[in-house]
Structure formats: structure tokens, C-alpha cells
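Read the structure below first, then the notes.
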Amino acid sequence: MSARRHIRPTLEGRVIQAPGMMRHGPFPAGHHTSEPLSRSDLLEHRFAAQAADIEQLAGDNNRLVTSHMALREDLAAAQQEVQRLKAHIRSIQTESDIQIRVLLDKIAKMEKDIRAGENVKKDLKQAHVEAQNLVKERQELATQIQQASHELQKIHTDVKSIPDLHAELENSRHELKRLRATFEYEKGLNIEKVEQMRAMEQNLIGMAREMENLRVDVLNAETRARAPNQYIGGYANPDGYGRPFVHMGVGPAGEGIIPYNSSNSVVSNVGFGGAAMSTTGGVAQWVGPFDPSHARG
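Take the position in the sequence shown, starting the count at 1, then add 226; the result is the number in our numbering.
Okay, structure coming up:
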């Protein structure tokens with residue numbers, strides 16, 4: 227310390243004792259008197275030495291007090307410095323704690339961001355898949371729009387042809403009315419023809435029955451003819467009217483066989499080559515093939 231001072235061992239060429247020490251007895255060996263002193267002189271010298279010692283001690287005391295005050299001031303300054311350092315350390319600790327907390331918060335936030343990033347990646351993948359699906363749907367919609375456009379163009383074309391269709395519809399209606407009237411007219415004619423055909427059918431049925439009867443009569447006649455004329459064969463004798471022999475066969479009338487009929491004006495559908503035969507008064511006549519149209523007329 228600057229206030230500290232060292233105590234000098236000598237003072238003005240005299241040897242002194244250390245503070246608090248009183249020397250009793252004669253002076254040191256280095257101090258020689260030329261003559262013996264009296265008791266009073268010794269006491270005076272002793273008092274003078276003690277006074278010098280007291281002054282020395284007072285000066286040393288003052289120096290010690292000054293040094294003590296300086297030391298106290300230095301101690302107070304040191305304590306203040308310690309307090310300031312402690313405060314600074316506390317502030318540094320507080321600041322470091324704050325920084326640590328901030329860093330911890332940042333770390334926690336970054337961890338949350340990382341976890342959120344994983345979720346974002348998953349969402350991004352899902353978004354990519356949805357985007358691809360949307361692209362496919364867009365292509366399908368584009369195709370449908372093109373088809374709808376073509377259909378719309380066709381519809382526009384059809385709409386333009388609507389007047390022609392209306393005209394054609396009107397013509398079809400008039401044609402339908404005409405055909406309906408024609409149908410009704412022809413229906414009436416056909417009803418009359420149907421009635422005529424039914425009547426002709428009844429006549430034909432009656433003629434067929436009569437032919438069956440005639441066939442039975444022919445068979446019976448042939449049977450009777452064979453009994454007396456076994457050597458002649460199937461040819462009948464000429465009758466009294468001079469008619470030629472006619473081959474009479476057993477069985478249905480066919481080619482080369484003329485059906486016999488006892489009635490008059492009967493038409494048979496069996497003859498030569500499928501031609502119809504007409505008998506008038508018992509004589510067969512050639513009338514040609516049977517034509518239903520002639521019968522209807």
C-alpha cells in the first residue's frame with residue numbers, strides 16, 4: 227500500500243527502541259560518556275529519551291492511523307469492487323440465463339418447426355397426389371368438354387335443320403292422312419272381296435264333297451264293270467249312244483283318267499296334267515288349269 231511506511235531504526239543519530247519497548251539501564255555499549263553523570267542527569271537523559279520515544283511512537287501511531295484509514299478506504303473500495311463484480315457476475319449470469327433460455331426457446335421452436343416440417347412433407351406428398359388426381363380429372367373433363375362441344379355442334383346443325391324436319395313432318399302427316407283414307411277405302415273393298423272369297427270357299431267345299439261322292443260312284447261303277455268283262459281289262463263297253471271306250475281305273479283320278487260324274491255343270495280339279503274338267507250332260511270337257519283368280523272374278 228502507498229500509505230504504508232517502514233519505521234526507521236535510528237532517529238537523529240540516536241538508537242531507539244522499538245515501539246512499546248522501554249529500555250532500563252545504561253545506554254548501549256556504543257554510547258560512551260566521557261564522564262560519569264549524576265542521578266539527575268541520568269533521569270533527564272532518561273526523560274528526554276522517553277519523550278523522544280513518545281514522539282516517535284506518536285508519529286508512528288499517526289502513520290499507522292493514516293495507513294489504517296487508507297487500508298479501510300482500500301477495503302471499502304475493494305468491497306465496492308467486489309460488489310460491483312458480484313453484480314456484474316449476477317448480470318452476466320442473468321444475461322447468460324436469458325441467452326440460454328432464448329436458445330432453449332429457439333431450440334424448442336426449431337424442434338417444433340422440424341416436426342411441423344415432417345407434417346408439411348406429408349401434406350406436400352398428399353398435395354402432389356391430389357394434384358396428379360386433379361390433372362387426370364382435368365384431362366377427363368377436357369375430353370368430356372370436347373365431346374360435349376361436338377355434340378353441341380351436332381345439335382346446332384340439327385336445330386338448323388328443324389324447319390326442314392317440320393316441313394317433312396307436315397308432308398308425312400299429309401301422306402299419312404292420304405294413306406289412311408286409302409286404307410279405309412281399300413279396307414272396305416277387301417271386306418267385300420273377303421265375303422266373296424268366303425262364299426267361293428263354301429262353293430269349293432261343296433264341290434269337293436260332290437267330287438268325293440262322284441269318286442265313290444266311279445269306283446262302284448268300275449267294280450260292277452269288271453265283274454262281266456274280265457278279259458277286256460279296264461275299258462268299258464261302248465254305250466248305246468256311241469261314246470268311245472274310256473279307261474276306268476280304281477283309285478283317285480290322275481293323269482289319263484277322266485273322272486266320271488253323273489251330275490251336270492260340275493267342275494273337277496283333277497284331270498290331265500292337273501287341268502280341270504267340266505262335265506255337261508255327262509260329257510267331259512277340257513277347260514284348262516284351275517285359276518283361283520278366275521274363280522274370284
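Even glycine gets a Cβ: it sits at the ideal position worked out from N, Cα and C.
Outcome for L395 when other beta-carbon atoms lying within 10 angstroms are tallied against a minimum of 16: exposed
Three-state secondary structure (DSSP) of A334: helix
Which of helix, strand or coil DSSP assigns to S317: helix
CA-to-CA distance, E438 to S489, given in whole angstroms: Its pLDDT being 42, under 50, S489 is placed unreliably by the model, and nothing is read from it.
N- and C-terminal bounds of the alpha helix (DSSP H) containing S398: 388-452
For S264, three-class secondary structure by DSSP: coil
Alpha-carbon to alpha-carbon, L378 and Q365: 19 Å
For A303 and E344, the rounded distance between their alpha carbons: 59 Å
Unbroken stretches of the beta strand (DSSP E), 3 residues or longer, contained in the segment 332-366: none
Same chain, Cβ closer than 8 Å to E427, five either side skipped, listed in chain order: none
Length of the line joining the Cα atoms of E436 and A447: 16 Å
Buried or exposed by the 16-neighbour rule on C-beta atoms within 10 Å, applied to D279: buried
Cα-Cα separation, L569 to Q282: In the structure as shown, the chain starts at 227 and stops at 523, and residue 569 therefore has no counterpart that could be examined.
Euclidean distance between Cα positions of L311 and Q319: 12 Å
K403 versus K386: straight-line alpha-carbon distance, rounded: 27 Å
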